[in-house]
Amino acid sequence: MSNVNKNNQHLINYKFFIFILLFMLNFVLINKVYAVDTTKNIQAIETINKFLLGIPYRDDGALDFSKVSDKANTNGRYTLFADQNKTLKTPGLNCSGFVLAASNKIFRPDLNIDTAKFDRKNDNSETATRAEDWDFGLDLLLNISDGKTAKVMLPNNRYADPKTLDGISLPDGRGFSLHDKAAWNNVISRMKNGYIYLWAMSRKTPDKPLQYHHVGLILTEGTKPDSAFMYHAVRKGGVVKLDLKKAGSLERIFKAYPKKDGIERYIYILEVEL
68 MSNVNKNNQH LINYKFFIFI LLFMLNFVLI NKVYAVDTTK NIQAIETINK
118 FLLGIPYRDD GALDFSKVSD KANTNGRYTL FADQNKTLKT PGLNCSGFVL
168 AASNKIFRPD LNIDTAKFDR KNDNSETATR AEDWDFGLDL LLNISDGKTA
218 KVMLPNNRYA DPKTLDGISL PDGRGFSLHD KAAWNNVISR MKNGYIYLWA
268 MSRKTPDKPL QYHHVGLILT EGTKPDSAFM YHAVRKGGVV KLDLKKAGSL
318 ERIFKAYPKK DGIERYIYIL EVEL
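Heads up: the sequence shown begins at 68 in my numbering, then just goes up one per residue.
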């Protein structure tokens, strides 16, 4: 073999070696990032399961972490949103109290009760045009996500900046119809590790104004991910957990919040980076 051919062969071997090396490095870096995101979700789920899952329901119930240094591994003081001076001896959370407590433990240790319940539009008073606390649940989600990368999840692979939605107008202002199974399946299929999904249900009836009446969160688990766990606090059962990727789960939600003539039920899901 001539020297020229030998040099060409060496060059080919060298280029092939560099290609393999770069491929392996890229593979390692991608999996490293993915593993970090998976770890965040696993830790978040373990924290909720250990400290919050099963806590009984209490009207207006909240957790105050203002004097707790290790929020992730300790529950704070049980109190009320409306009367934070009151200390309650037994555990109890409403849906908003659960979402705030979970957020405190998982990714917003800096958030206190007053900041979380801040009335963003100054329209939640007793003299509010719509209803007292009509968008309390939506305000809670937006206050928790302040300073974080956040997008509203909409059907048909769409997203929206929460700043562009008023929380009122249809079809997108309130998210999507609670009983739209196709919309649910599309949204669930796009949920991924490294994020928490805060949600708020709203309803409007012929004789009652629009109100965001219930909140909760969703966390994915597994490399696919394999599960999408919905957590929320309900009157019968306290803080409960439901895997949305299991057969029949959506039907359980539809049954709990039934479709009736004249009632508009929507769900607003906010994707927030952990």
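Ideal Cβ placement from N, Cα and C applies to all residues, glycine included.
Per DSSP, cross-strand counterpart(s) of residue i
i	result
E288	S294
D208	The amino acid occupying residue 208 in the given sequence is Leu; Asp does not appear at that position. Partner(s): none; L208 has no beta bridge.
H299	V307
L131	Per the sequence presented here, residue 131 reads as Asp, with Leu not at that position. R144, per the DSSP bridge assignment.
S269	Y279, Y333
V339	A217, I263
L160	Y124
R225	L221
Euclidean distance between Cα positions of residue i and residue j
i	j	result
I320	V166	18 Å
K326	F243	14 Å
D328	N252	24 Å
T154	L337	31 Å
Q151	G121	23 Å
L277	K230	19 Å
A149	N189	17 Å
L169	R144	A small correction: the amino acid at residue 169 is Ala; Leu does not occupy that position in the sequence shown. Those two C-alpha atoms are separated by around 14 Å.
Whether residue i touches residue j by CB criterion (9 Å)
i	j	result
W266	L208	yes
Y279	G164	no
Y335	V219	yes
P123	T146	no
V339	A217	yes
I263	I330	no
A129	N161	yes
Burial state of residue i, where buried means 16 or more other Cβ atoms lie within 10 Å
i	result
Q113	It is Glu, not Gln, that sits at residue 113 in the sequence shown. Under this definition E113 is an exposed residue.
G305	buried
L221	buried
Which of helix, strand or coil DSSP assigns to residue i
i	result
R319	helix
F243	strand
I97	The predicted position of I97 is uncertain, since its pLDDT is 42 and thus under 50; a value taken from the coordinates is nonetheless stated next. Reduced to three states, the DSSP call for I97 is helix.
Q110	helix
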